[in-house]
Structure formats: structure tokens, C-alpha cells
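The opening residue of the sequence shown carries number 7 in the working numbering; numbering runs sequentially from there.
A virtual CB, placed ideally from N, CA and C, is assigned to each residue, including glycine.
Keep in mind that this is a model prediction, so the values were computed, not measured.
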Amino acid sequence: MNIILLGPPGAGKGTQARMLVEERGMVQLSTGDMLREAKDSGTEMGKIVADVMARGALVTDEIVIGLIKEKLETVKANGFIFDGFPRTLAQADALGDLLATMNETLDAVIEMRVDDEALVARIVARSTCAGCGEVYNDNTKPIPADGVCTNCGQSKEFKRRADDNEESLKTRLMEYYKQTSPLIGYYYAKDSLSRVDGLGDIEAVQAEIKVALDA
Ligand code: AP5
Ligand code: MG
Numbered sequence: 007m008n009i010i011l012l013g014p015p016g017a018g019k020g021t022q023a024r025m026l027v028e029e030r031g032m033v034q035l036s037t038g039d040m041l042r043e044a045k046d047s048g049t050e051m052g053k054i055v056a057d058v059m060a061r062g063a064l065v066t067d068e069i070v071i072g073l074i075k076e077k078l079e080t081v082k083a084n085g086f087i088f089d090g091f092p093r094t095l096a097q098a099d100a101l102g103d104l105l106a107t108m109n110e111t112l113d114a115v116i117e118m119r120v121d122d123e124a125l126v127a128r129i130v131a132r133s134t135c136a137g138c139g140e141v142y143n144d145n146t147k148p149i150p151a152d153g154v155c156t157n158c159g160q161s162k163e164f165k166r167r168a169d170d171n172e173e174s175l176k177t178r179l180m181e182y183y184k185q186t187s188p189l190i191g192y193y194y195a196k197d198s199l200s201r202v203d204g205l206g207d208i209e210a211v212q213a214e215i216k217v218a219l220d221a
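This is the structure:
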């Protein structure tokens, strides 16, 4: 099964993708994570994208399609979860072509709906385990009192993202509405779209996604 988690910044795509990996043994393909890895390891591509990402703008279609193509050609998986990809119509067309070449199908597109006010509150309170990538939130999922990540049980280091500030978030939201939200209609017209209420707590959203996937 191959699925897309579609939603604005802070909708909970990464949180739910990690849970689906555990539940269903699927592989999460997050273009945001791939780009941050390239940036942190100082590759040429990482240097090119660092400023664009910090501002909250979109990286070029060519770069992100290239990243996804390479993963699809090299990673064996019992299904992929596309998290933060596609984000433009060109990326959506490219993904359709790539899957068709592999004789694979896109089985579901889950749109996660969350109010803009809630997105801002979530984003400015987010931190991530530097060891395993587990996502925390100062308000809804705080870092444990002993300072050790509950997921990996090892790391005591938690990072905040360079683009998790109100200024960059405005740009990220604008990019979402201008470039990514047309994909809702695109996938609706392809009969692939399911909608979930992303405003519920993490377990409630997880349950709604399960219903959508198992329908
Ligand atoms: P990316 O990393 O994909 O960021 P994003 O889309 O802005 O989404 P986020 O990761 O911020 O949010 P999320 O939906 O994963 O939420 P999370 O689960 O963390 O992209 C970053 C940048 O890379 C882009 O701006 C762009 O520059 C570039 N890029 C990436 N892909 C690209 C592409 N395809 N094309 C072009 N450029 C690309 O949750 C957020 C917070 O809320 C956490 O604290 C979490 O604990 C909390 N939370 C989650 N669920 C709930 C809940 N149900 N209730 C309460 N709190 C919750
Ligand atoms: Mg994410």
C-alpha cells in the first residue's frame, strides 16, 4: 500500500507517518527530513537548500523529485508513506509516473485538516529528538522529566527547527495554500482522497486514518 499524507505545516504528517511505520511496517519518505539531512551533512545540495528552507519557501521540483526517485529505485518496502511530498502539481504528476513505471499504485491520499491558529501553536512548541527523530510538543507531548527520549531511550538532545518560527511559518502556510492545496482537488478527481480531522488528539487522528486506510 502506498499513501500520501497531505496537509499544511504542523498538521501532524510526521507524527502519524512514524506511527504507521511501527504499525504497518511501511517506509516513511519525508522530503523535509531528506533535505534537512543533506543540510546537516553539508552536501552541495544541502548548501543550496538551507536558505530556501529557513525562509519557508519551496525547494525546486527537480531536487525533490530526484530525491524521491532515488529512494523508490533503491529502497525495498512493504509500501511507502509520502510525507510532505508531493507539494506541487508537477511533483504529483512525477510521482504518478514513477509509481506507474514500477507497476505500483497510489492507494490513498489522506488530507489532514487543521485550523491555521492551531498550526502556529503546534509549530512554535515542537522539538525533535536528535537521536531518533521522535517528535515532541511543549504543550501536548512534552519531553519526559528525566530528559531522555521515550522512543529511543538514549538521546538527551532535542532540536528545534530553523523554520519553526512565526515569520517562516507565514511563508510556509502561503506556499501551502498557493502551491500544495490544489492537490486536494487533483486527488479528489482521481478518487484517491480521504479527509481526516487533524485537530483531534494524536490517537484520535491515528484512529481516523486507520478507518480511511482499511475502508
Ligand atoms: P517539512 O519537513 O515537510 O515540513 P512541513 O510540511 O512544513 O510540515 P512539518 O514537518 O512542519 O509538520 P508535520 O505535518 O510533519 O507535523 P508534526 O507531526 O511534526 O518541510 C520543510 C521544508 O522543506 C519546506 O518548507 C520546504 O522548504 C522543504 N520541502 C520539503 N518537502 C518539499 C517538497 N516536496 N517540495 C519542495 N520543498 C520541500 O507535528 C507538529 C507538532 O504538532 C509537533 O510538536 C507534534 O508533537 C504536534 N502534534 C502532532 N499531531 C498532533 C495532534 N493531533 N494534536 C496535538 N499536537 C499534535
Ligand atoms: Mg514533518
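- For Ser174, the enclosing alpha helix (DSSP H) has its first and last residue at Glu172 to Glu181.
- Annotation: the continuous alpha helix (DSSP H) that includes Leu125 extends over Asp122 to Val130.
- Looking at the DSSP output, Lys196 bridges to nothing.
- Contiguous alpha helix (DSSP H) elements confined to the stretch 30-60 occur at 37-46, taking only those with 4 or more residues.
- C-alpha of Ala44 to C-alpha of Met51: approximately 7 Å in a straight line.
- Taken from the Cβ of Asn157, every heavy atom of ligand 1 lies 7 Å or farther away.
- Boundaries of the alpha helix (DSSP H) harbouring Asp99: Leu95 to Thr107, taken from the DSSP string.
- Look at Gly102: its beta carbon is at least 7 Å from all of the heavy atoms in ligand 2.
- Looking only at Leu11, Lys19, Ile10 and Ile9, the smallest Cα-Cα distance to Val141 is reached by Lys19.
- Not one heavy atom of ligand 1 falls within 7 Å of the beta-carbon of Ile149.
- Contact between Glu172 and Val130 holds, with the beta-carbon distance rounding to 7 Å and staying under 8 Å.
- The C-beta distance from Leu175 to Gly62 rounds to 7 Å, short enough to meet the 8 Å contact threshold.
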